[in-house]
Structure formats: C-alpha cells, structure tokens
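*Asks:* What follows is a structure written as structure tokens; I'll ask about it next.
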Amino acid sequence: MTVPGRRSSTFIRLLRSGFTDPQAAAQLLDTDALAAVRADPVLLDALGATADPDLALRGLVRLAEAQQETDPPALLPTLITAKPLRDRLLGVLGASEALADHLARHPRDWQALVTYEAADLHPGLAEFEEGLADAHDPVALRVAYRRCLLSIAARDVCGTTDVAQTAAELADLATATLRAALRIASAAAPGDAAQCRLAVIAMGKCGGNELNYVSDVDVIFVGDAANGADEGKALQAATRLASHLMRICSETTVEGSIWPVDANLRPEGRNGPLVRTLASHLAYYQRWAKTWEFQALLKARAVAGDAELGAAYIDAITPMVWQAAERENFVADVQQMRRRVVDNIPASHVDRELKLGPGGLRDVEFAVQLLQLVHGRSDAGLRSGTTLDALHALAAGGYVGRADAAQLGDAYRFLRAMEHRIQLYRLRRTHLVPEDETDLRRLGRSMGLRTEPVAELNKAWRRHASVVRRLHEKLFYRPLLDAVAQLAPGEIRLSPAAAGQRLEALGYADPASALRHLEALASGVTRKAAIQRTLLPVLLGWFADSADPDAGLLNFRKVSDALGKTPWYLRLLRDEGAAAENLARVLSAGRFAPDLLMRAPEAVALLGDPEGLQPRTHEALEQEVLAAVGRADSAEAGVAAARGVRRRELFRTAAADLTASYGTEDQPVTDDPAVLVDRVGDAVSDLTAATIGGALRAAVRHHWGDTLPTRFAIIGVGRFGGHELGYGSDADVLFVHEPREGVDEQEAAKAAQTVIAEMRRLLQLPTADPPLLIDADLRPEGRSGPLVRTLSSYAAYYRRWSLVWESQALLRAEPVAGDEDLGRRFTELIDPLRYPVEGLGEDAVREIRRLKARMESERLPRGADPALHTKLGRGGLSDVEWTVQLIQLRHAWAEPGLRTTRTRAALAAAAAAGLIPTDEAQILDEAWVLATRVRNAVMLVRGRAGDTFPSDARELAAVGRYLGYGEGRVGEMLDDYRRITRRARAVVDDLFYGA
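As numbered in our numbering, the sequence shown has no gaps in its residue numbers, which increase by one up to the final residue, 1097.
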C-alpha cells in the first residue's frame, strides 16, 4: 500500500514544481544516472525554478549518462553543493534543447560553468578570443564556439547579464569567431595571406554590438595589395580568403554550423565583387549608393583582419553616412524601405512577427536610425551603432522626449529578450512567436512570468508592441512641439535649426512656416493648446505620409482657427481616433476637399460619425433640398441653401473617397477601386440631380407660385444620365416641356425659357459655394437649336431629322428632375431611337466610326500626350464609351441588359451576352475605371478639373498617392497607366474599328 502512496506524493511534488508531465519526470528521476541525487530536495527545487523543468531534467539525465561513460562522477556532487553551477547549468538545460544536445556530445563542457569569478561574469573580446584560440579547423571552432555560447546563455538565463549585455557579448563572440575563421583560412592558404591585406567590416547587429543568439552576421570585405604585390592578384587572393572565411562559419559539419556570413550589404549586393579596394568602395558610395546603404553603414565596425585598413575604411565612410540626410529623396527612400519591409511579411505571420511586424523591433530600430541620420550630421554624440545607446543619446540631447525614450527602451528590451529566448531553444534563426502552448509556457517562464505564463506573456507582449506602435512615429514629432512650447524645468528642447532639419527630413518643404504654424497651434496654457499638443504629434505623422505635408499643416491651422473655440471640435478630434486621422488625410490630399471644408468648417463633424462618410440616398438628398428651398423667403436664398447642401455633400463624398483611397488604421485601402468610382459617380450624380431639382422649385415659386404653366422635365445625358459624374463635371441635360391644358403654346414656351434662365442664374451666382454649370449642347441641332422643346417637337424632330450621333447621345438619357410623367414619356419616345430594332445599319456604323476618328484627330488639345489624356487619349474614356455604345446601338434591341445608361453595367451585360470576350471586357473596364479615377484625383488635388496628369511634381505625387502609389513611384504609375490604356486601345481597335 505504501508504494502507490509514495508515487502519489512524488507526482504531486513534481506537479507543484512546474513539471507538465510528472509521470515521465518520475521515471527520469529513477534512472541510474541520477541515483546519487534523486532524493535530494535541492535538485527538485532547482529544476522547478527553470523555464521548462521537464526539458531541464531530460537534458540533465542525458548529460549524467554521458558523464558515466567518460569521466569520474564529479558533475552531480558539484551540482548539489555549488549553487552558482546548479542555477546556471539547469537554467541552460531548461531553456535550450540545442545546448543540451551540445553538452550530451561534449560532456566535459559543463565545467565552463563552474568558475564564478568577476572576469567570468562579464567576459570581453579578449576572453572569447582566448576561448577560441585552440580551434584550428572548422569542427573544433564550432565546438569552442558552442562552449563560449554556453557561458553566455548561462549568464543570460540566470539574470547575471541583461539583454543589452547579452547582445554585446554575442557580438564580441562573433568578432572573435570571425578572427579565428580568418586565422584558419590564412593558415590554409599562406600564399594568399602573404600577398593581400584583408579587413572584415561587421554590419547590422554584429556591427552595432547587439547581436542575437542566431542571426546572419553581415559583413563587408575591404582588400588591398601587400608587400608590393599586383593589385589584381591581391584582390583575387583576398577574395579566396574571404570566401573560405564565410564557408568556415556557414557550412554544416558534424558539429552543425555557426551562423551564415552574409556579404550582401556590399556595393552592388550579390552582383558586386566580394572584395573591393577602399578606393573602389568610396567611388561606389560617392556615385551610386542608395539611401538604405548609408543607413546600413551607420553600424559599420572594423572587427577582423588588417586593423589599419579597417580603420581607414571607417574613417572614410563616416562623413558620407552623416551627410545622407541631405540627399535628394532621403525621406521618400526611408519611408519606402519601411513599407517594403512590412509588405514582404506573409499575411499568416504578421500577428506573430516579433521583428518586422507592426510594433516590432524593426519599428524601434528604424525610428532611431532615421533620427540619428537627421541629427547626427550636427551632433556627433548620436553616432552610435547600438540602438539602446543611440536612443539614450537622443533623449539626452532633447531629440526625443525622455519619457517616450524610456517607454520605448523598455519595450525594446522586452521584445529583444523574447527574441533571445525563442532563438535559444533550438538555436534557430526565427523571429516568430510560437503558437504551441508548451513553447509559449517555456517562453513565458523564461521571462520571469510564473503564475499564468502564457496569458501573462501574451498580455505583456501586446502591451509592449502597442507602446512601440504608438511611440515610434511620435518620436519624430513630439520634440517639434517642445521646440515651440513651454517646457518644464530641466527639460531639453530641440533648437530651431534641429527642428527645421527634422521637418525637412520628414518632407516639409517650408520648415520655417511649419514651425510658425506649430507655435500658433501649440503654444499657450489654454485647454485648446493642451489638446493640440496631444493631437499634433500624431497629425504631423499623417501629414508627413502625404504628398504635401505643408498644405496639411496649414489647412489644419485654418480649420482650428475657425473652430478652435467650438467645444465639440477639439473634443471630437481628441475622443474620436478615426476623426483625427480622417481629417489629416483630407487636409493633406489636395485643394478640393479642404476648400469645401474652409467654407463650412462645421462639416468636420462628419469625419467622427461612424455613418458620417456613408453616401446619402437620392430620396434623402431631394427631400432635404426641397425642404430648404420651401423654407426660404426668396429664390436666391432657396438656391443658396441647396448649394450649401451640395457643398456639404461634395465634402462628404470627397472625404469618403480620400480616406478609402489612402486607407486608415481602422479602414485599409479597398481592394477594388471600381467600387470607389461607382460610389463617387452615384453620389455626385444624385447630388447634382437634387440640386437642380431644388433650383427648379425655387425658380418656379419665384415667378409662378406652386405651378408652372407648362409641364417641365429635365433629362440628364452624358455622364450625368449615366450616374458617372466626377467632382469637376458639368451637368449635361435636355429640357422638355408640355403646355398644360388651356395654356397658350407661346406662353408655355416662354415660361420654360424663363425657368431655365433663372435656374442657370441661381446656380451660378457668386457665392462661397462651387457653381453648378448646366450644359444643354447635346440637344437637337446642338447650340443652333432651341434650348427647350415640347415633347411633340422632340418627336417630330427625331422622326425627320435625327442623326446617328444623337441616337448615341440618347443612350445615356435619363430623367433627373421635374415632371416625372413627362420624363417617363420622353424616355418612351427615345427608346426606339437608341435601341433600334435589328440594330444599326452598316452606313450608320461607318458614320459613327468616322465621327470618332475625326474627334480623335481634331479635339485632342495641342501638345497633349495622347497616351496620357484620360478623355480623348489612347484607351481612355472616349475609346471605351464609344465602343460600349456601339455595342448597345447594335444589340440592345435584342439584349435587355444593354438597356442601361451606365457604361460599366452595359459592358458587363455585353460580356454576359457573349457579345464581347470576358477578358476583353475586363481590359476595357480596368482602363475606364483608371481613367475616371485619374480625373477624380486631378480635381481633388488641384481643385480644378483636368483630363491630363499634372505637370507639377508635388501635385503629380499627390495623384499617385490617391491611386495607391507610394513615395517615389510616380514613374511606375505613369507606366501602369500607359500599359493599361494601351491594352484597352488594342481591344477598341478590334471591337470598334473592326481592325
């Protein structure tokens, strides 16, 4: 009966000590190898203190069994009596399966953990070189390297060293290893070593003295001739030595590998020579190097080989590094590098990526390095290759806030410690947080989280990542406000020159004006100034992400000046995160939306309402406009109210379009730009119809009361009838009337003429609101014909005189305002013309083709690039629309789906009916959507309509940002436009011209 009881007691003890598999642990404790110590309570307590007691016990059994085969039984007695050894050895065995494997293969190496002297606690480069001194071949070097790594890991897991000291020791060990590898390579080829000088420059984390347990060691090789040797032959010899050094470290042997040596940061990368002379390096950096290469050189450090040559290299490249911020496109290059890093993370890994994901290590390193490059040119105290040292120096110099630097430093240390523990387990290069519960438990316990290790780890990780996400952008902007605000005693501020440097590096073209705006917004002791100081660091980041940061900041100042005393405005921006980001995007994206907002700043409230940017229905718009007109005491006041609604709704539409096109933290960029095109077309067309309807009601009330002497309808044609209006489009219409019973026809015609003239006058009155131009040039006989006709006059004209182009124009005719019954009867009248039975005859088809060819040759503006004109250019709007309309004229009589005024709907119906191949329909649709978006972008950016890409570089960049092209990708945007429209033109030549 006692045996089961003892087992139960042991089981419970093991469970309480942190073992997850007590049964397996009990069996391991019963093995012969541990017979001498299995009953000692000290052992169980020590195992329970490790990150993974089960793993530690398995490793200890393997090591003890290996001891029995090779040595007198010294390990276990020493383990029990010497607490430092016990903590270090079991700590390593509980954290690293890979180092347990090493100890099982080399059972005497545990003795490296016995000594506990001061020098042993904090070894330097000399101690590591001594530890590798007896290694004369790659296998021996690996064994010696692991032995040194064992001591580093022991100090790490026991807390003898912090994460920064551990990273520095790993970098020192890497330096010693590179020197040993070069020594082995030189001994293998003494002839090569004699005729060349070779310096090894460490880059990346090794160069910055902040290496991981398992990481590529980035290097650059510099060579030169020695002892009067021929330079070409010397470089060949140096290349052989460098290649051999890389193989010694990287190749897999019976003892595994050490780490890959990566020389891809050298000039020209993989395509460049492995070894260059110093002069060749300098020539490349002076002429060809990109911004990222200077950012990488910030961490360059000579570590092995010819010390004099290495020092000369560092001395020569250092001035270039600290002048990099003065290079053209510096900001764009840096932002593009960061985006490229994020874009290359597989979607399945983003949430687990410790290094490259949002709120990861790279965010901290990137932010610190950018600030170093901006301010290190004038402050040599910032020129450290070590991230935490540089962050401390930035805080000490006032370049970042002390509190921000402290929080960011804590987060960085935590994330680096996580990275170290993850890699230490199997000594594999990874930055992914594990998903397995056992791995997460070990990781959490290794970080000192013992109560609920998995839950506590996830909570702490997310908290620190959130801090990094929140602070890494703020690092740039908070000190800019401190530079113009009152600071607490003892705080250090940026000098005006340093603030200007930073603003310039962030893309502000006029730093002096930007600083004046910041001072006006953030100085003072009012509640408004305090809230602005909280908001501006984030807003400045969003402005800097746009094509025109200066305009964004200026517009924000204007809006704040107009609304700053309104309590709800600052409360909205402070409490509604989406409102602030939406406002920043809108204010910095161009002139159109900010101009609308400046005329009625209270519309900013739309940006904070979750439903505020949703388009309103035609019915809701019409109801609001007619109610506003009905309340007005004059026609002018009524239409002014209607135009005010139009202004607000244009702002709503533009703001929704811009935020969806740029994307926000809460709303990523839409995958389908056609959705945005349709949304804008519908919204602006519905708004235009409601505004015209309101003007019609106002004009009628002013002259005739409630009833016009003639029934009157307005027919939208062109883009208006097709629900495809853009921000800068005129309203193309036809006017039709029908005298009421008992009204003289001349009186009715005069009334119709009067109401049209009054509508036009009212809609174009000089006010703060954008005018709405009504264009009736598509009427019968064009400008030569009467402005308005009766329904019977239209019928007579179309019966006798109608030309084929008029039938084509009627394809997009749709009633938009006025008498609904008259509009419906007009539609019934024109249907036989636009959907002719049996389709168009060949003569009519030839006439349409002739008109199109004539338009292409005569209407394209002089000097315009036909490849880039969105309306009349190759593969542009006209090409696609005429092609679709010809299909409608030929086949709509038999295919009901083609009887639509909308271009995209007709194109889809043609493809569904088999009248056009699906792939060709997609090509035409893509070109039409792109050309429409370009026109919308031009209006949003410039504040005036245009059919071509802007010539101004900043405006062109803003169009690119709207279309989804980041900084420096304008050329790619234009190439894509040419390619897409060229493909569309090939389809048009086939379908329209029958080529």
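Here a beta-carbon is modelled for each residue, glycine too, at the ideal position from N, C-alpha and C. Given the structure is predicted, the values throughout are model-derived calculations rather than measurements.
(1) For D697, which residues in the same chain have their Cβ closer than 7 Å to its Cβ, ignoring the five residues on either side in sequence?
(2) If you compare alpha carbons, which of W361, L384, T985 and E843 is closest to E370?
(3) Tell me whether M861 is buried or exposed, calling it buried when 16 or more other Cβ atoms sit within 10 Å of its Cβ.
(4) Tell me which residues share the same chain as G461 and place their Cβ nearer than 7 Å to its Cβ, disregarding the 5 neighbours each side in the sequence.
(5) On the premise that G740 lies in contact with A800, defined as a C-beta separation below 8 Å, what is that separation, rounded to the nearest angstrom?
(6) May I ask which residues mark the beginning and end of the alpha helix (DSSP H) holding L490?
(7) Any idea if R257 is buried or exposed, counting beta-carbon neighbours within 10 angstroms, 16 or more meaning buried?
(8) Could you tell me whether the stretch 1007-1023 touches the stretch 745-763, where touching means 3 or more Cβ pairs closer than 8 Å?
(9) Using only the alpha-carbon positions, how far apart do V502 and A508 sit?
(10) In terms of alpha-carbon separation, which member of R750, T719 and L723 lies closest to A705?
(11) Can the beta-carbon of R1037 be found less than 7 Å from the beta-carbon of T972?
(12) The alpha helix (DSSP H) with T812 in it runs from where to where?
(13) For L708, which residues does DSSP report across the bridge?
(14) Tell whether a beta-carbon distance below 7 Å holds between A1011 and L1000.
(15) How big is the Cα-Cα spacing for L313 and A702?
(16) Give the C-beta separation of A757 and L709 to the nearest angstrom, bearing in mind that I take them to be a contact with Cβ-Cβ under 8 Å.
(17) For A986, report the span of its alpha helix (DSSP H) as first-last.
(18) What is the DSSP secondary structure of L589, reduced to helix, strand or coil?
(19) Using the three-state DSSP reduction, which class does E621 fall into: helix, strand or coil?
(20) For the beta strand (DSSP E) holding F1094, just list the boundary residues, first then last.
(21) Span of the beta strand (DSSP E) holding P841?
(22) Using C-beta distances below 6 Å, list every residue in its chain close to V1043, excluding the 5 sequence neighbours before and after it, in chain order.
(23) Taking just the CA atoms, how far does S736 sit from N684?
(24) Between which two residues does the alpha helix (DSSP H) containing R403 stretch?
(25) What is the C-beta distance between A853 and T793, in whole angstroms, given that I count them as a contact (C-beta under 8 Å)?
(26) Of the residues L699, L400 and P292, which one's Cα is nearest the Cα of N657?
(27) Which word fits W424, buried or exposed, when buried means at least 16 other C-beta atoms lie within 10 angstroms of its C-beta?
(28) Taking only runs of the alpha helix (DSSP H) that begin and end inside the stretch 505-550, which ones reach a length of at least 4 residues, in chain order?
(29) Between G975, L1009, A966 and P155, which lies nearest to Q987 when the distance is taken from Cα to Cα?
(30) Is the distance from the Cβ of A365 to the Cβ of L376 below 7 Å?
(31) Do you know how far the Cα of W361 is from the Cα of D780?
(32) Could you tell me whether the stretch 925-941 touches the stretch 949-959, using the rule of 3 or more Cβ pairs below 8 Å?
(33) Under the assumption that A1086 contacts A1007 (Cβ atoms under 8 Å), give the Cβ distance between them as a whole number of angstroms.
(34) Looking only at its own chain, which residues have a Cβ that is under 8 Å from the Cβ of L343, when we skip the five neighbours before and after it?
(35) In the DSSP assignment, find the beta strand (DSSP E) that holds D320 and state where it starts and stops.
(36) What did DSSP end up calling T122 once you bin it into helix, strand or coil?
*Replies:* Per the coordinate set shown:
(1) For the purposes of this step, residue 697 is identified with residue 595 of the sequence shown, where counting begins at 1. Correct list, in chain order: G1045.
(2) In the sequence shown, residue 370 corresponds to position 268, counting from 1. Closest by alpha carbon: L384.
(3) Start at 1 with the first residue of the sequence shown, and residue 861 comes out as number 759. Around the Cβ of M861, a 10 Å sphere holds 16 or more other Cβ atoms; the residue is buried.
(4) As a position in the sequence shown, residue 461 is number 359, starting the count at 1. Excluding the 5 residues flanking it on each side, G461 has same chain C-beta neighbours closer than 7 Å at A567, S568, V570 and R571, in chain order.
(5) Indexing the sequence shown from 1 puts residue 800 at position 698. Indexing the sequence shown from 1 puts residue 740 at position 638. Contact flag correct, Cβ pair sits at about 4 Å.
(6) In the sequence shown, counting from the first residue as 1, residue 490 sits at position 388. Counting along the chain, the alpha helix (DSSP H) containing L490 begins and ends at T489 to A498.
(7) Locating residue 257 in the sequence shown gives position 155, counting from the first residue. If you draw a 10 Å sphere on the C-beta of R257, you find 16 or more other C-beta atoms in it, and that means buried.
(8) Counting C-beta pairs with one atom in each stretch, the stretch 1007-1023 and the stretch 745-763 have fewer than three that are closer than 8 Å, which means they do not touch.
(9) In the sequence shown, residue 502 corresponds to position 400, counting from 1. In the sequence shown, residue 508 corresponds to position 406, counting from 1. Approximately 10 Å, taken between the alpha carbons.
(10) Counted from its first residue, the sequence shown places residue 705 at position 603. Here the closest residue by C-alpha is R750.
(11) The residue you call residue 1037 lines up with position 935 of the sequence shown. The residue you call residue 972 lines up with position 870 of the sequence shown. Cβ distance < 7 Å, so R1037 and T972 count as in contact.
(12) For the purposes of this step, residue 812 is taken as the residue at position 710 of the sequence shown. First-last for T812: T812 to G818, but that is the beta strand (DSSP E), not the alpha helix (DSSP H).
(13) Sequence index remark: in the sequence shown, residue 708 carries index 606 (1-based). DSSP output for L708 lists no bridge partner at all.
(14) Translated into the one-based positions of the sequence shown, residue 1011 becomes position 909. Translated into the one-based positions of the sequence shown, residue 1000 becomes position 898. Contact flag set, yes.
(15) For this step, residue 313 is matched to residue 211 along the sequence shown. For this step, residue 702 is matched to residue 600 along the sequence shown. Whole-angstrom Cα-Cα distance: 56 Å.
(16) Translated into the one-based positions of the sequence shown, residue 757 becomes position 655. Translated into the one-based positions of the sequence shown, residue 709 becomes position 607. Yes, they are in contact, since the Cβ atoms of A757 and L709 sit about 6 Å apart, within 8 Å.
(17) Within the sequence shown, the letter at position 884 stands for residue 986. Reading off the sequence shown, one finds Val at residue 986, where the question assumed Ala. Taken as a continuous stretch (DSSP letters only), the alpha helix (DSSP H) holding V986 covers L979 to H993.
(18) The sequence position of residue 589 within the sequence shown is 487, counting from 1. Note that L589 scores 48 on pLDDT, short of 50, meaning its location in the model is unreliable and no value can be drawn from it.
(19) Reading the sequence shown from its first residue, position 519 is the one you call residue 621. DSSP places E621 in helix when its eight states are reduced to three.
(20) Numbered from its first residue, the sequence shown carries residue 1094 at position 992. Counting along the chain, no beta strand (DSSP E) covers F1094, and no H or E run does either.
(21) For the purposes of this step, residue 841 is identified with residue 739 of the sequence shown, where counting begins at 1. Where P841 is concerned, the enclosing beta strand (DSSP E) stretches over A833 to P841.
(22) Within the sequence shown, residue 1043 is the residue found at index 941, counting from 1. Cβ-Cβ distances below 6 Å link V1043 to G692, E1057, A1060 and V1061 in the same chain, with the five nearest sequence neighbours on each side left out; the list follows chain order.
(23) What you label residue 684 is simply residue 582 of the sequence shown in a count that begins at 1. What you label residue 736 is simply residue 634 of the sequence shown in a count that begins at 1. Their backbone Cα atoms lie some 37 Å apart in a straight line.
(24) One-based indexing of the sequence shown puts residue 403 at position 301. For R403, no alpha helix (DSSP H) encloses it; the enclosing beta strand (DSSP E) starts and ends at R403 to G407.
(25) Position 751 of the sequence shown, counted from the start, is the residue given in the question as residue 853. Position 691 of the sequence shown, counted from the start, is the residue given in the question as residue 793. Cβ atoms of A853 and T793 stay farther apart than 8 Å, at about 22 Å.
(26) Numbered from 1 along the sequence shown, position 555 holds the residue referred to as residue 657. Closest by alpha carbon: L699.
(27) Your numbering for residue 424 matches position 322 in the sequence shown. By the 10 Å Cβ count, W424 comes out buried.
(28) DSSP runs (the alpha helix (DSSP H)) wholly in the stretch 505-550: 539-548.
(29) For this step, residue 987 is matched to residue 885 along the sequence shown. It is L1009 whose Cα lies nearest to the Cα of Q987.
(30) Start at 1 with the first residue of the sequence shown, and residue 365 comes out as number 263. Start at 1 with the first residue of the sequence shown, and residue 376 comes out as number 274. Cβ atoms of A365 and L376: closer than 7 Å.
(31) Counting from 1 along the sequence shown, the entry for residue 780 is found at position 678. Counting from 1 along the sequence shown, the entry for residue 361 is found at position 259. Computed Cα separation, rounded: 54 Å.
(32) The stretch 925-941 vs the stretch 949-959: no contact.
(33) As a working note, residue 1086 is residue 984 in the sequence shown. As a working note, residue 1007 is residue 905 in the sequence shown. Wrong, their Cβ atoms sit about 18 Å apart, outside the cutoff.
(34) In the sequence shown, the residue the question calls residue 343 occupies position 241. Taken in chain order, the residues that qualify are L284, A287, S288, A291, D294, A295, C298 and L300.
(35) Translated into the one-based positions of the sequence shown, residue 320 becomes position 218. Taken as a continuous stretch (DSSP letters only), the beta strand (DSSP E) holding D320 covers V319 to A327.
(36) Translated into positions along the sequence shown, residue 122 becomes position 20. Reduced to three states, the DSSP call for T122 is coil.
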